[in-house]
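Using full-length UniProt numbering, the first residue of the sequence shown is number 1, and each one after it goes up by one.
Glycine included, each C-beta is placed from N, C-alpha and C at the ideal position.
Please read the structure below before turning to the comments.
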Amino acid sequence: MTAGDDIAAMETLAIRSDQDVVRVRQLVRTLAVSVKLSLVDQTKLVTAASELARNTLVYGGGGTVAAGRVDNGRRSGIRIVFSDQGPGIPDLDLALTDGYTTGGGLGLGLSGARRLVDEFDIDTAVGQGTTISVIKWCR
């Protein structure tokens with residue numbers, strides 16, 4: 001996110017169960033519709049949010065998500081911030097590599113989510129958790 005971005009009130013949800021992941025998807029879909037993202041961009045954002053919420057639950061041991069509208073004076077979008085107090089990511093470059101997985105999946109969670117959004121920022125430290133912020137802008 002850049003200086004000058006205006007963030008509307010962020011709605012915060014806990015991520016502690018599979019049902020919470022569903023609630024994150026519903027919240028993000030509602031916000032995406034509210035800023036008039038195209039159907040394709042809505043789908044991309046909801047998919048990214050679902051992957052990141054699932055990672056927060058499975059790898060971070062649960063956490064929170066905060067989501068809301070953002071405006072930088074030229075366009076509007078949705079900002080979503082996932083935070084956990086889990087073990088952190090010891091090798092971020094490796095974790096962002098397509099095909100890398102520690103959970104037996106396809107290894108497209110983080111790298112796939114990064115490709116689906118316009119801005120992707122990750123802050124992680126071993127033993128201190130992970131925070132991932134994403135933005136999808138209206139075209």
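Close beta carbons around residue i, own chain, < 8 angstroms, minus the five adjacent residues each side
i, result
"residue 46", "25, 28, 29, 32"
"residue 35", "69, 76, 77, 78, 138"
Which listed residue (the options) has its alpha carbon closest to that of residue i
i, options, result
"residue 86", "17, 139, 126", "126"
"residue 114", "48, 79, 69", "48"
"residue 10", "23, 67, 22, 59", "67"
"residue 62", "117, 38, 71, 19", "19"
"residue 14", "124, 94, 57", "57"
"residue 52", "80, 118, 90", "80"
"residue 84", "21, 22, 23, 132", "132"
"residue 203", "109, 93, 60", "This structure does not reach residue 203, given that the chain is present from 1 up to 139, and the question cannot be answered."
Paired residues, beta bridge with residue i - DSSP
i, result
"residue 63", "15, 84"
"residue 30", "Per DSSP, none; premise fails for residue 30."
"residue 133", "81, 121"
"residue 111", "Its beta-bridge partners do not exist; DSSP assigns none."
Where residue i sits in the DSSP three-state scheme
i, result
"residue 117", "coil"
"residue 69", "strand"
"residue 123", "strand"
"residue 97", "coil"
"residue 36", "coil"
Alpha carbon of residue i to alpha carbon of residue j, nearest angstrom
i, j, result
"residue 122", "residue 73", "24 angstroms"
"residue 98", "residue 82", "21 angstroms"
"residue 135", "residue 40", "15 angstroms"
"residue 44", "residue 12", "21 angstroms"
"residue 96", "residue 112", "9 angstroms"
"residue 23", "residue 118", "23 angstroms"
6 angstroms CB neighbourhood of residue i in its chain, flanking five on each side removed
i, result
"residue 171", "Because residue 171 is not part of the residues shown, which for the chain are 1 to 139, the question remains open."
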